[in-house]
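Position 559, counted from 1, in the sequence shown is what my numbering calls 582; the numbers after and before it change by one each time, with no gaps. Heads up, the thing below is written out as structure tokens.
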Amino acid sequence: METTDRETHKIKSRITKQSFPVTGMTCAACAGSVESILSHTEGVTNANVNFASSSVLVEYDTALEPSDLQNALRSVGYDLIVDAEDPSEAQETLQKQHYEDVKQRTIWSAILTLPVFILGMFYMDWVPGRWISMVLSIPILFWFGRSFYINAWKQAKHGKANMDTLVALSTGIAFIFSVFNTLFPDFWHARGIHPHVYYEAATVIITFISLGKLLEEKAKSNTSSAIKKLMGLQPKTLKVIQNGEEVEMPISSVQKGYTIVVRPGEKIPVDGEVSEGNSFVDESMITGEPVPVEKTKGTEVFAGTVNQKGSFQFLAKKVGGETLLSQIIKMVQEAQGSKAPVQKLVDKIAGIFVPIVIVIAIVTFITWMLIGGDDAFTHALLTSVAVLVIACPCALGLATPTAIMVGIGKGAENNILIKDAESLELGHKTNAIVLDKTGTITKGKPTVTDWQWENDNDYYKQVLLAIESQSEHPLADAVVARLKEKGFKPEDITSFESITGMGARAQSPDGEKFYIGNQRLLDSKGINISASLITQSDQWRNEGKTVILFANQAKALAILAIADELKQSSAAAIKTLQGRSIEVYMLTGDNEQTAKAVADQVGIDHFKAEVMPSDKADFVKELQSKGKVVAMVGDGINDSHALAQADVSIAMGKGSDIAMDVAKMTLITSDLQAIPKALKLSRRTVQGIRQNLFWAFIYNVIGIPIAAGVLYAYNGFLLDPMIAGAAMAFSSVSVVANSLRLRAAKL
24 METTDRETHK
34 IKSRITKQSF
44 PVTGMTCAAC
54 AGSVESILSH
64 TEGVTNANVN
74 FASSSVLVEY
84 DTALEPSDLQ
94 NALRSVGYDL
104 IVDAEDPSEA
114 QETLQKQHYE
124 DVKQRTIWSA
134 ILTLPVFILG
144 MFYMDWVPGR
154 WISMVLSIPI
164 LFWFGRSFYI
174 NAWKQAKHGK
184 ANMDTLVALS
194 TGIAFIFSVF
204 NTLFPDFWHA
214 RGIHPHVYYE
224 AATVIITFIS
234 LGKLLEEKAK
244 SNTSSAIKKL
254 MGLQPKTLKV
264 IQNGEEVEMP
274 ISSVQKGYTI
284 VVRPGEKIPV
294 DGEVSEGNSF
304 VDESMITGEP
314 VPVEKTKGTE
324 VFAGTVNQKG
334 SFQFLAKKVG
344 GETLLSQIIK
354 MVQEAQGSKA
364 PVQKLVDKIA
374 GIFVPIVIVI
384 AIVTFITWML
394 IGGDDAFTHA
404 LLTSVAVLVI
414 ACPCALGLAT
424 PTAIMVGIGK
434 GAENNILIKD
444 AESLELGHKT
454 NAIVLDKTGT
464 ITKGKPTVTD
474 WQWENDNDYY
484 KQVLLAIESQ
494 SEHPLADAVV
504 ARLKEKGFKP
514 EDITSFESIT
524 GMGARAQSPD
534 GEKFYIGNQR
544 LLDSKGINIS
554 ASLITQSDQW
564 RNEGKTVILF
574 ANQAKALAIL
584 AIADELKQSS
594 AAAIKTLQGR
604 SIEVYMLTGD
614 NEQTAKAVAD
624 QVGIDHFKAE
634 VMPSDKADFV
644 KELQSKGKVV
654 AMVGDGINDS
664 HALAQADVSI
674 AMGKGSDIAM
684 DVAKMTLITS
694 DLQAIPKALK
704 LSRRTVQGIR
714 QNLFWAFIYN
724 VIGIPIAAGV
734 LYAYNGFLLD
744 PMIAGAAMAF
754 SSVSVVANSL
764 RLRAAKL
């Protein structure tokens with residue numbers, strides 16, 4: 024058994040996951056072909072293609088070289104970008120070149136198509152016009168539209184078909200038929216049939232589809248703007264100290280341990296630790312908090328954050344792909360490349376769609392030949408060509424990935440990092456949400472929330488600061504922070520002593536004794552505590568706060584309440600969730616009294632105290648067994664099991680690495696309002712997917728029968744192939760445009 028486990032672990036450790044840009048994909052069926060070819064390549068365990076981002080996420084054995092994957096795709100007309108220093112930049116460059124190429128081809132196609140269209144529509148019986156149209160059609164189809172025929176041939180060689188197959192068949196048949204009628208009109212005259220030509224149909228189809236592709240490429244480039252914004256946060260160069268001098272170098276050359284200089288207003292290039300100097304840094308891009316954070320020696324700094332007025336030096340700790348910013352970019356990229364469950368169904372449909380359409384076109388042709396009467400062949404040809412053109416599966420293929428990409432990008436803009444599409448699709452179904460208390464509802468850091476002084480004497484506050492500054496008790500830091508915040512300086516004290524389980528004592532240089540700790544400490548010394556202090560301390564304890572007392576040898580001087588303070592947004596966020604009919608539960612390892620106090624303050628009816636880490640996961644299972652779709656929100660290692668168990672897992676960005684690794688969503692802000700925003704984003708994204716799929720399906724359900732000529736028997740209407748081409752192009756653009764509407768949505 025152990026041997027088997029070791030072998031399984033070795034196999035798993037050999038598997039790597041990497042995203043590659045793909046070139047040459049023109050439709051959803053192309054994406055299916057790429058996925059199929061890579062999935063059947065030896066050594067590949069899984070391949071997920073995202074048509075909208077022109078990328079593929081491949082899980083493969085490390086014994087396999089990326090060039091092997093590249094060669095497998097090149098054989099069918101696609102390519103992977105594997106050897107570029109910056110693949111994303113290389114892909115962007117290729118996309119720009121491709122866009123310009125499509126733009127030029129579309130412009131020239133349109134220029135040459137215009138006279139062909141005029142001749143075909145208004146001078147169809149002018150014989151020289153047929154010859155002019157034939158000459159102009161050749162460069163339109165076989166130069167500016169050559170990619171359709173080349174790709175269709177490469178697909179056919181491997182027994183596959185895609186949108187290019189439909190375009191090549193429809194325009195090729197129309198052109199060949201028209202050339203025959205131009206060269207041999209007497210063949211039809213002898214049979215009493217007038218020989219029509221359809222050059223305008225073939226050329227307009229090529230032009231319209233090229234225009235559709237142009238608009239599609241333009242729209243698709245907008246969906247990845249979130250990634251570009253994130254990448255733009257990192258500077259291209261930085262200044263390092265070498266041999267006592269400042270040297271500027273590209274960011275790709277920096278290594279761990281380099282001392283880096285940051286001037287006022289500059290972006291921090293990599294993650295590190297301040298070694299000299301101090302400043303305030305705007306970390307809002309990571310935390311969402313608007314207040315700049317003070318950086319002094321020993322504090323961490325992160326790539327992409329912006330230095331304010333001071334300057335400092337820091338040691339590089341994480342560089343390249345290890346930085347927090349790079350991890351965020353990678354997470355967003357992988358999420359945009361992941362597939363929602365509904366997309367897997369759509370992919371299957373797109374894979375069989377083209378062969379079905381070809382069969383429908385053949386059946387349409389045969390049917391018209393049998394029942395078409397005198398114009399049987401003309402009608403058979405026109406309708407079958409129209410069916411091939413109108414049935415492009417592009418809209419179907421773009422419906423889900425464009426909405427997912429825009430949704431994930433919108434999330435990133437709102438401090439919500441989404442790891443995979445499944446959680447984005449499932450989030451809107453959430454009807455129960457489990458919140459960890461510490462670090463999620465509360466700030467996760469004890470602070471002095473209240474104090475009451477019998478004698479408001481600054482001298483006593485300075486003595487208290489001096490004692491707590493020497494104490495190692497975890498709560499002492501909260502008292503020190505509060506007193507320093509008020510501007511107090513420590514007084515001189517002597518004879519400091521820690522008293523285990525009760526507190527600490529010290530005395531002033533003139534011999535006055537002071538005590539800080541719990542009530543047991545003061546009772547053991549016979550120190551008097553006034554009734555007002557006792558009443559107030561009881562009230563604070565009922566609120567779940569820890570109370571400590573400060574006294575001299577005669578009487579208690581003050582009481583202080585310490586608690587893990589609530590985040591300002593907690594109560595409002597919980598109210599918003601409950602307003603959407605989502606049941607909110609709070610779990611905590613804290614005691615019952617504190618848990619109840621916190622639950623009451625934020626308006627939570629269901630809570631459990633003194634909960635162990637494994638109990639949290641069991642509680643999530645219990646809710647799931649009742650048919651609930653459960654979201655779990657946590658920030659610590661102790662939450663990781665429950666996060667893995669939940670249907671939708673959300674980690675707080677300031678939490679542990681393990682929690683963020685397990686969770687499918689990460690909030691890079693402490694604001695709990697991001698939770699209802701994330702669930703609303705899910706709902707809006709799913710609405711967009713449903714709308715897109717509806718239009719993509721309804722378009723084909725209505726369009727294909729009309730193209731086949733079902734209306735002819737009722738009103739004599741036959742769909743012109745060039746109108747079919749325009750409709751096909753419009754369907755793809757409308758789906759992308761509908762997805763992009765999400766960018767303007769308010770969460």
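Idealized CB from N, CA, C, for every residue including glycine.
query	result
Where threonine 226 falls: helix, strand or coil (DSSP)	helix
Residue nearest to threonine 322 in terms of C-alpha spacing, selected from Asn301, Thr465 and Val342	Asn301
Sequence-distant residues of its chain with Cβ nearer than 7 Å to lysine 548 (five each side left out)	Tyr538
Nonlocal neighbours in the same chain, by C-beta distance under 6 Å from histidine 6, ignoring five residues either side	Since the first and last residues shown for the chain are 24 and 770, residue 6 lies out of range.
Residues bridged to alanine 654 (per DSSP)	Ile456 and Val671
Euclidean distance between Cα positions of serine 275 and alanine 326	13 Å
Reduced DSSP category for proline 313 - H, G, I as helix; E, B as strand; rest coil	Residue placement at proline 313 is poorly supported in this model, since its pLDDT is 44, which falls under 50; the coordinates are not used for a value here.
Candidates Gly267, Asp294, Tyr737 and Glu268: closest to valine 277 by CA position	Asp294
Methionine 525, DSSP secondary structure in three states	coil
Residue closest to serine 492, alpha-carbon to alpha-carbon, out of Lys700, Ile439 and Ala504	Ala504
Residue from Ala225, Glu633, Ala54 and Pro378 whose Cα sits closest to the Cα of phenylalanine 200	Ala225
Tryptophan 391, buried or exposed, once every other Cβ within 10 Å from all chains shown has been counted against 16	buried
Tyrosine 608 - partner residues in DSSP beta bridges	Val457 and His629
Of the residues Leu506, Gln530 and Ser521, the one placed nearest aspartate 515, counting alpha carbons only	Gln530
Backbone CA spacing between asparagine 73 and valine 105 [nearest angstrom]	17 Å
Completely contained alpha helix (DSSP H) runs for the region 109 to 146, where each covers 4 or more residues	110 to 145
Cut-off 7 Å between Cβ atoms - residues of its own chain near leucine 545, not counting five sequence neighbours on either side	Tyr538, Ile552, Leu572, Ala574 and Ala579
Residues of its chain near glycine 47, where Cβ-Cβ distance is below 6 Å and the 5 sequence neighbours each way are ignored	Gly100, Tyr101 and Asp102
Assigned exposure category for glycine 602 - 16 Cβ within 10 Å defines buried	exposed
Residues sharing a beta bridge with isoleucine 585, DSSP	Val471 and Thr569
Cβ contact check for the region 139 to 156 and the region 176 to 189: 3 or more pairs under 8 Å	no
Buried or exposed by the 16-neighbour rule on C-beta atoms within 10 Å, applied to threonine 461	buried
Span separating the alpha-carbon of glycine 395 from that of threonine 194	22 Å
Any 3 or more C-beta pairs closer than 8 Å across the region 583 to 599 and the region 438 to 451	no
Neighbourhood of valine 634 by C-beta distance below 8 Å, restricted to the same chain and skipping five residues each side	Leu610, Thr611, Gly612 and Phe642
Residues near leucine 770 by beta carbon distance below 6 Å, same chain, minus five either side	Asn437, Lys700, Lys703 and Leu704
Backbone secondary structure at lysine 788 - three-state DSSP	Because the chain here runs from 24 to 770, residue 788 falls outside it and cannot be looked at.
Residues bridged to lysine 578 (per DSSP)	Asn551
Cβ-based burial, alanine 489 [other Cβ within 10 Å; buried from 16]	buried
Distance between aspartate 587 and glycine 311 (C-alpha atoms, nearest Å)	In this prediction, glycine 311 has a pLDDT of 41, which is less than 50 and means its spatial position is unreliable; nothing more can be read from the coordinates.
Cα-Cα separation, asparagine 94 to threonine 64	10 Å
DSSP bridge partner residues for lysine 318 (one or two, in chain order)	Ser302
For tyrosine 538: DSSP bridge partner residues	Arg528 and Ala574
Cutoff 9 Å: alanine 618 Cβ touching any chain B Cβ	The structure shown has no chain B; it contains just one protein chain.
Cut-off 6 Å between Cβ atoms - residues of its own chain near lysine 33, not counting five sequence neighbours on either side	Confidence in lysine 33 is poor, its pLDDT being 45 and thus under 50, which makes the residue's placement unreliable; the coordinate value appears in the next sentence. The answer is none, since no qualifying residue turns up.
Sequence-distant residues of the same chain with beta carbon closer than 6 Å to threonine 465, five excluded per side	Asp587 and Leu589
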